[in-house]
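**Student:** The structure that follows is given in the form of C-alpha cells.
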Amino acid sequence: MAEVIKYVYRRLVLILSPAKTMGTKGDADKAKESARRELEEARKFERAKEDAQKAKELLREARKRDAQSHKTREGAEAALD
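First residue of the sequence shown? That's 1 in full-length UniProt numbering, and the numbers climb one at a time after it.
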C-alpha cells in the first residue's frame with residue numbers, strides 16, 4: 001500500500017503544481033478533486049488486493065480442514081471394518 005500512496009502523492013504534487021502557478025482557484029480545486037479521486041481509487045485497489053489475499057488464505061485453510069476431515073473419516077471407516 002505504501003507504494004500506491006507514494007505514487008498518488010507524486011501525482012498529486014504534479015497535478016497541483018501547474019494549478020498553483022496559474023493562480024486560478026478553479027483549476028486548483030479541479031486538480032485537488034482529481035487527486036482525491038485517484039487516491040480513493042488507489043485505496044479501493046489496495047483493499048481489493050487485500051480481500052483477495054484473505055480469500056485465498058481462507059480457501060487454503062478450508063481445503064486443509066477438508067483434507068484432514070477426509071483422512072479422519074477414512075481412518076474411522078478402516079477401524080470399523
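No residue lacks a Cβ here, since even glycine has one placed at the ideal position from N, Cα and C.
1) From this set, ALA52, LEU12, ARG73, which residue's C-alpha is nearest GLU40's C-alpha?
2) Below 8 Å on the Cβ atoms is my guess for PHE45 versus VAL8; work out the distance and round it to an integer in Å.
3) If you draw a straight line from the C-alpha of LYS6 to the C-alpha of ARG36, how long is it?
4) Is ALA62 buried or exposed, if buried means 16 or more other CB atoms sit within 10 Å of its CB?
**Tutor:** This is what the structure gives:
1) Taking only the C-alpha atoms, the option nearest GLU40 is LEU12.
2) No, PHE45 and VAL8 are not in contact; Cβ-Cβ is about 10 Å, not under 8 Å.
3) Roughly 14 Å separates the two Cα atoms.
4) exposed
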